[in-house]
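As given, the protein sequences belong to chains A and B, one line each in that order. For the first sequence, this note's numbering assigns the number 132 to the initial residue and increments by one for each residue that follows. For the second sequence, this note's numbering assigns the number 132 to the initial residue and increments by one for each residue that follows. Note that beta-carbon positions come from the ideal geometry of N, C-alpha and C, so glycine has one too. Each remark here refers to the structure printed beneath this line.
There are 2 protein chains.
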Amino acid sequence: MKNIVILGSTGSIGQSSLDVISRFPERYRASYLVAHKNIDLLQQQIDMYNPKGVAVIDECAGSVLRKLTNGSIEILTGPDFMEELVQRDDIDIVISSLVGFAGLRPTIKAIEAGKTIALANKETLVVAGEMIMDLARKNNVSIVPVDSEHSAILQCLVGEDLTSVAKVILTASGGPFLNTSIETLKTVTVDEALNHPNWRMGNKITIDSATLMNKGLEVIEAHHLFGLPPDKIEVVIHPQSIIHSMVEFIDGSVKAQLGVPDMKIPIQYALTYPERSNSNFERVDFRKTGMMEFREPDPEQFPCLRLAIEALQKGGTMPTVLNAANEIAVQAFLNNEISFMQISGCIERVMSDHTTIMNPPLDVIEATDRETRKQTRSFIESID
Amino acid sequence: MKNIVILGSTGSIGQSSLDVISRFPERYRASYLVAHKNIDLLQQQIDMYNPKGVAVIDECAGSVLRKLTNGSIEILTGPDFMEELVQRDDIDIVISSLVGFAGLRPTIKAIEAGKTIALANKETLVVAGEMIMDLARKNNVSIVPVDSEHSAILQCLVGEDLTSVAKVILTASGGPFLNTSIETLKTVTVDEALNHPNWRMGNKITIDSATLMNKGLEVIEAHHLFGLPPDKIEVVIHPQSIIHSMVEFIDGSVKAQLGVPDMKIPIQYALTYPERSNSNFERVDFRKTGMMEFREPDPEQFPCLRLAIEALQKGGTMPTVLNAANEIAVQAFLNNEISFMQISGCIERVMSDHTTIMNPPLDVIEATDRETRKQTRSFIESID
């Protein structure tokens, strides 16, 4: 029996994770659930999945939940509880699915405590990939990706030698604006940007999918997870999202992992890896699939992808700047403060003002993150 | 250094095999070449690849070659030389790429002698799959498929547990007549049937691709190679031949192997398996690939596929009957004796006249093969 803590249980990945875990009651238990502030859903999850304890990041929401549950379950709140929680002896696996920079510290603590990491939080590897992978190696910890793209690559690499990889090919749906002209992109609305054709996800990642920043962050993640140089990571647009990613080997052979766009498949694989278990998730019926399309991403249409690759090539603190500027800019777009095309404009401006610090320790990464957020806010306010 | 004998060196697979082997002069040597009767090409191969010896199945052609080479190289001919040759101590790998039933006996002898088999001859597993796989297990011999479809499945299975396979999905290009109506199929010419859209192959297999018998034979092969029941083997039409086949796992995840339609890739993989080596074979550029289509094969349009699956389900000697009737019928079509749609008509008729013998020993398989060929010829003559 493996005991699991889900960091971000009320998010999209967290909800799917609980569903997957509940299908294997003899093998996995969702022992602890950590939510940001959605205590309504967290209460439902307590009733449905019976965890040992829960935690709420927002202290006010935590107090409310404490009153509502009236001592019937352990409820943690306060600034540092996650770092304590992930190190507990009664936890084997940490599903790291918080949105944004907040996922970094608890993931580090979990690796130091030797927990297996099922990693859905992109920012952890984007801002501190080298540190995290080093730490995982030192602590002999598995970091298993939950992202459908990196799960696909992991599945294609099973039984293969990493030295025989020629390149990895990350597929991108292209999001809702794949066929939208650059002129029209300047005036698209938040609702249009949130209308992703294939995947149901949280707002932040849905906007990142529309700008292709999501794919850019995945390029940086793939670099760290699989130890590949930037020029061995390619992005291809595949609007149907059936091929989740591919690996080309040195002999010219390519392997791909495919499936319906349902995060439960990579979540389950992250838990059972390197084995597989039965599921009744929907299957692809290739006799009815019809078409799969592929095309090259247009760098004019999707400047965020180019910015992410530039940040990876610069290295050091630059991916932290990219990520922080993006978080603030996306939030500003969601708040109707800036236009869709201004997201990349903000990021590019903030990146160009930054002097990269190489091999940054954690406190420098955190300071860069804080400083970049401030700068991006100032820049956005100066536009208004 | 691995010494290789190529059974069928002047055929399409044989020529590609020689090319692949010549790229690894420190690791592989094409020590012996066996041809049917194309001594012009065989002489060129002798000059180019410098084998220790060659053999010619056609005795007359063999005598001519003996005179031409004038003792400068060992030349074998005569009815049983192949069985002796494949057992020689200075051979490690047998590439079994003869066309038709002739590949069976030498492959059995090679397995008995403990040689690694790179198997391109379909009929070996179609007519004697259980016997061959048993023999391989007993002699601890690897049978590595060269067919692009079975190589694809093998590559998708590397590092995976066979018990986690839900089904395999063989892709079929659909051949030159994918979009041809049944009415028009009745009058297509030999030249039209030989005009395969994606692959350059010998005449027999090209016609088998046009009827989809080739895919039917591959279903039977997949059953034996991977120990899967018929209902776990699906066929999907994929006209672009970029996905060479797929495996669906019990968790709903699918893996596919892809590449340009070039047999050198699976040939090289069969030699280096389970490792991979560099190649400069053409790559798929997914940014320029455009489309991949999929559809269900139409059983009315392609009755040979249905007949092959029926033969597999009946088992015993029925696949031998299917194969022998098909070889004769295809030859008759190539000779303009019967029409394209009469190929399946002949096979169906001969199969319906056959009473299946279960668990046939080799002599029964051979007798069934001989008898079926006679019956099919008589039937064809009765049509004329």
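Item, Value
"With 8 Å set as the bound, which would you pick, yes or no: does the beta-carbon of F380/A sit closer than that to a beta-carbon of chain B?", "yes"
"So, does the CB of G145/B fall closer than 8 Å to a CB anywhere in chain A?", "no"
"Between which two residues does the alpha helix (DSSP H) holding M472/B run?", "F471 to S483"
"Any contact of the region 169-181 of chain B with the region 281-297 of chain B, i.e. 3+ C-beta pairs under 8 Å?", "no"
"Just to confirm my understanding: we take K298/A, look at its own chain, exclude 5 residues before and 5 after, and list those with CB closer than 7 Å. What are they?", "K363, I364, E365 and E379"
"For a test of the three-state rule: what should DSSP assign to A251/B, helix, strand or coil?", "coil"
"To the nearest whole angstrom, what separates the beta carbons of L266/B and I248/B, a pair I think is in contact under 8 Å?", "No, L266/B and I248/B are not in contact; Cβ-Cβ is about 10 Å, not under 8 Å."
"Under the rule that 16 or more other beta-carbon atoms within 10 Å means buried, what is I313/A, buried or exposed?", "exposed"
"Span of the beta strand (DSSP E) holding P397/A?", "Segment K395 to T403 is the alpha helix (DSSP H) holding P397/A; no beta strand (DSSP E) there."
"Return helix, strand or coil for R426/A, following the three-state DSSP convention.", "strand"
"Of the choices S194/A, Q286/A and V165/A, whose alpha-carbon is the least far from that of E291/B?", "Q286/A"
"Applying a beta-carbon distance threshold of less than 7 Å, which residues of chain A neighbour S340/B?", "Those do not exist, as S340/B stays about 19 Å from chain A at its closest Cβ, beyond 7 Å."
"Report the neighbours of Q543/A on chain B: residues whose CB is nearer than 7 Å to its CB, in chain order.", "Residue 543/A is absent from the model: chain A starts at 132 and stops at 515."
"Rounded to the nearest angstrom, how far is the Cβ of V187/A from that of A166/A, given a contact under 8 Å?", "6 Å"
"From D189/A to K168/A, what distance separates their C-alpha atoms?", "5 Å"
"Helix, strand or coil: how does DSSP classify G184/A here?", "strand"
"Pick out whichever of D150/A, I224/A and T499/A has its Cα sitting closest to the Cα of T486/A.", "T499/A"
"State yes or no: is the beta carbon of Y400/B nearer than 8 Å to at least one beta carbon in chain A?", "yes"
"Going by DSSP, what residues sit across from Q388/A in a beta bridge?", "S376/A and K386/B"
"Any contact between the region 328-348 of chain A and the region 229-244 of chain A? By contact I mean 3 or more CB pairs, one from each, below 8 Å.", "yes"
"Answer with yes or no whether the minimum CB distance from M126/A to chain B is below 8 Å.", "The structure shown does not extend to residue 126/A, since chain A spans only 132 to 515, so no value can be given for it."
"If you run the structure through DSSP and keep just helix, strand and coil, what is R236/A?", "helix"
"Is it buried or exposed, L549/B, if we count other Cβ atoms within 10 angstroms and call 16 or more buried?", "Here chain B comprises residues numbered 132 to 515, so residue 549/B is not present and cannot be evaluated."
"Measure the C-alpha to C-alpha separation of E261/A and P276/A and round it to an integer number of angstroms.", "16 Å"
"Going straight from the alpha carbon of M264/A to that of G145/A, what length do you get?", "23 Å"
"Could one say the Cβ of S153/A lies closer than 8 Å to chain B's Cβ atoms, at least one of them?", "no"
"T337/A lies in the alpha helix (DSSP H); which residues open and close that run?", "N334 to T342"
"Would you say T337/B reaches chain A, if we count a Cβ-Cβ gap shorter than 8 Å as a contact?", "no"
"Report yes if the CB atom of V452/B is closer than 8 Å to the CB atom of M489/B, and no otherwise.", "no"
"Use the C-beta contact count for E215/A: other C-beta atoms within 10 angstroms, 16 or more gives buried, fewer gives exposed.", "exposed"
"Helix, strand or coil, according to DSSP, for A498/A in the structure here?", "helix"
"Indicate whether at least one CB of chain B lies closer than 8 Å to the CB of M422/A.", "yes"
"Which of helix, strand or coil does DSSP assign to A109/B?", "Residue 109/B falls outside the range modelled here, since chain B spans only 132 to 515, and no answer is possible."
"Tell me whether A508/B sits in a helix, a strand or coil according to DSSP, three-state version.", "Looking at the sequence itself, residue 508/B is Arg, so the reference to Ala does not match. R508/B falls in the helix class under three-state DSSP."
"Consult DSSP for V350/B and reduce its assignment to one of helix, strand or coil.", "helix"
"Can you find a C-beta in chain B that's less than 8 Å from the C-beta of E291/A?", "yes"
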